[in-house]
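Heads up, the numbering used here is the position in the sequence shown plus 3, with the first residue counted as 1. Beta carbons are placed, not taken as given, at the ideal position from N, Cα and C, and that holds for glycine. Reading through the structure tokens given below for one structure.
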Amino acid sequence: MRDRIEKALDKIRPMLRADGGNVELVDVTSDGVVKLKLTGSCGCCPMSQLTLKNGVEKIIKQEVPEIKEVIAL
């Protein structure tokens, strides 16, 4: 499952990098929660939660339907 999540993140990374940020996969729990760390500009951006939920989470759930939630650490 981690590999599928990383592939989904690879689709998102170019957009994040264009704004000086990135995302790092920290953990995937057995109950379907993906834990990410937003880095660079994304780590301190006031819009990061919106990006996380409306962008990153949406794409990960499309690619890996068994994921229940995506959270930032």
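In chain order, what residues of the same chain have a beta carbon less than 6 Å from the beta carbon of residue i, not counting five sequence neighbours either side?
i             : result
glycine 23    : Gly43, Ser44
isoleucine 15 : Val59, Ile62
serine 51     : Leu41, Cys45
On a CA-only basis, which of the options is nearest residue i? Give me that one, please.
i             : options                    : result
leucine 76    : Ser51, Leu39, Pro68, Gly35 : Leu39
glutamate 27  : Gln65, Lys10, Asn57        : Lys10
asparagine 25 : Gly46, Pro68, Gln52        : Gly46
In chain order, what residues of the same chain have a beta carbon less than 7 Å from the beta carbon of residue i, not counting five sequence neighbours either side?
i         : result
valine 73 : Val37, Leu39, Leu55, Val59, Glu60, Ile63
Does the beta-carbon distance from residue i to residue j come in below 8 Å?
i         : j            : result
valine 31 : isoleucine 8 : yes
lysine 71 : aspartate 34 : yes
Once the 5 residues before and after residue i are set aside, which same chain residues still bring their CB inside 8 Å of it?
i            : result
glutamine 65 : Ala11
Starting from the N-terminal side, write out each stretch of the beta strand (DSSP E) that is 3 residues or longer and does not extend beyond the region 5-45. Listed in chain order, they are 24-31, 36-43.
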